[in-house]
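Visitor: In this note's numbering, the protein residues as written are 42 to 415.
For glycine and all other residues, C-beta sits at the position ideal for the given N, C-alpha and C.
Sharing a structure with you now.
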């Protein structure tokens, strides 16, 4: 199964204050090739992504407080990868984390990119090289994501992960349709903030075999961290391009993650899980999925106070009886800016809620404007 690698990063967040996250729920237009999927409109896609980066850099309103920016799976064209890194390095504020999915590449190319950032990915390179030594896999496609951290000092760090779920689209008997199976997740341990987070890709949240699962590995690792340091996993980011965001399997895994069934899991008891999806304008060649994406959402423990809300842009529920509170967004192309809840329960005497939506922006005439329904 997957190996979880602890990485210490220098993020200096204000103690006692909530952090801010922006989900970019934007469309993916993907074309199937012999080796995975590529973006069909890379120039248009980059214009839209760059407009989001420019919003963050400008920092109007309270966007200057942004700590986490999350874009969907397979959202960034490979040709724009260096431009993305350059903007973050040059213009983004210190103490900022950017998470985004990249279009598919072959394993030998992924290995080259890993080597560019060897200082931050040494352990991952060892795991990939072990696989390469054991088989003829250099031409396998890789679905991968990047986590760029601009530390408190201004130093830029680049971490890469490959999706561990082994298939693109659906499962195939033909091995040539397999994706490379990623072997690692990073657990980022922030100092001096003592804030710990992870980013994984879509079905990695569900992936399991008969005896083990990715999510059980994460729970066990977080519990080990808790019993040794009294710290836990504060936030789990799930980067998606998912046509079934409300699928029952997600509710089942979420229920197991947050529910005390056979044993207590103190390492993830107060984890905030953020699912950032592509919007309903997504179109993937060879699949009938138009209008089925969207509905990014945030899940917290049921013991937090989150009242029932029903608006056009978002609503709250318990995900069909799961032991959680969920903030569910709509399917359209949007930017959702909100605060991450404190990683502890609020005083029950307080009337404050732990999770607030600050801004919702919609894409109109190639620009972002505030939604009139918030």
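So, is residue 252 buried or exposed, given that buried needs 16 or more other C-beta atoms within 10 angstroms?
Guide: Exposed: under 16 other Cβ atoms inside 10 Å.
Visitor: Quick one: is residue 74 buried, meaning 16 or more other Cβ sit within 10 Å of its Cβ, or exposed?
Guide: That one is exposed.
Visitor: With a cut-off of 8 Å, do at least 3 Cβ pairs link the stretch 349-358 to the stretch 320-328?
Guide: Taking 8 Å as the limit for Cβ pairs, the verdict is that the stretch 320-328 does not touch the stretch 349-358.
Visitor: Within 10 angstroms of its Cβ, does residue 120 collect 16 or more other Cβ (buried), or is it exposed?
Guide: Exposed is the call here.
Visitor: Please give the ranges of any beta strand (DSSP E) in the stretch 344-369, keeping only runs that are unbroken, at least 3 residues long and fully inside the region.
Guide: Counting only runs of 3 or more, we get 355-358.
Visitor: Which same chain residues end up closer than 8 Å to residue 330 when comparing Cβ atoms and leaving out the 5 residues on each side of it in sequence?
Guide: Answer for residue 330: 284, 323, 324, listed in chain order.
Visitor: Write down every uninterrupted run of the alpha helix (DSSP H) in the stretch 157-183 whose length is 4 residues or greater and which is fully enclosed by it, in chain order.
Guide: Qualifying alpha helix (DSSP H) stretches, in chain order: 159-175.
Visitor: By the 10 Å Cβ neighbour count, where 16 or more other Cβ atoms means buried, how is residue 349 classified, buried or exposed?
Guide: With fewer than 16 Cβ atoms within 10 Å of its Cβ, residue 349 is classed as exposed.
Visitor: Go to residue 202, then tell me how far its alpha helix (DSSP H) extends in each direction, as first and last residue.
Guide: No alpha helix (DSSP H) contains residue 202, which is instead part of the beta strand (DSSP E) from 197-203.
Visitor: Kindly indicate which residue of 54, 351, 126 has the alpha-carbon position closest to the one of residue 231.
Guide: Selected option, being the one with the closest Cα: 54.
Visitor: If you draw a straight line from the alpha carbon of residue 362 to that of residue 153, how long is it in whole angstroms?
Guide: Between residue 362 and residue 153, the C-alpha separation is close to 46 Å.
Visitor: Could you give the distance in angstroms between the alpha-carbon of residue 198 and the alpha-carbon of residue 191?
Guide: Each residue's Cα considered, the two are about 6 Å apart.
Visitor: What did DSSP end up calling residue 55 once you bin it into helix, strand or coil?
Guide: The answer is coil: DSSP assigns residue 55 none of H, G, I, E or B.
Visitor: Where DSSP assigns a beta bridge to residue 239, which residues make up the other side?
Guide: In DSSP, residue 239 forms a bridge with 228, 277.
Visitor: Quick one, are the C-beta atoms of residue 116 and residue 67 less than 9 Å apart?
Guide: Cβ distance < 9 Å, so residue 116 and residue 67 count as in contact.
Visitor: Apart from the five residues on each side of it in sequence, which residues of its chain come closer than 7 Å, Cβ to Cβ, to residue 244?
Guide: These residues qualify, in order along the chain: 206.
Visitor: Pick from 346, 377, 364, 282: whose alpha carbon is nearest that of residue 334?
Guide: Of the listed residues, the one whose Cα sits closest to residue 334 is 282.
Visitor: Need the endpoints of the alpha helix (DSSP H) that residue 122 sits in, please.
Guide: Looking at the DSSP string, the run of the alpha helix (DSSP H) that includes residue 122 is 122-132.
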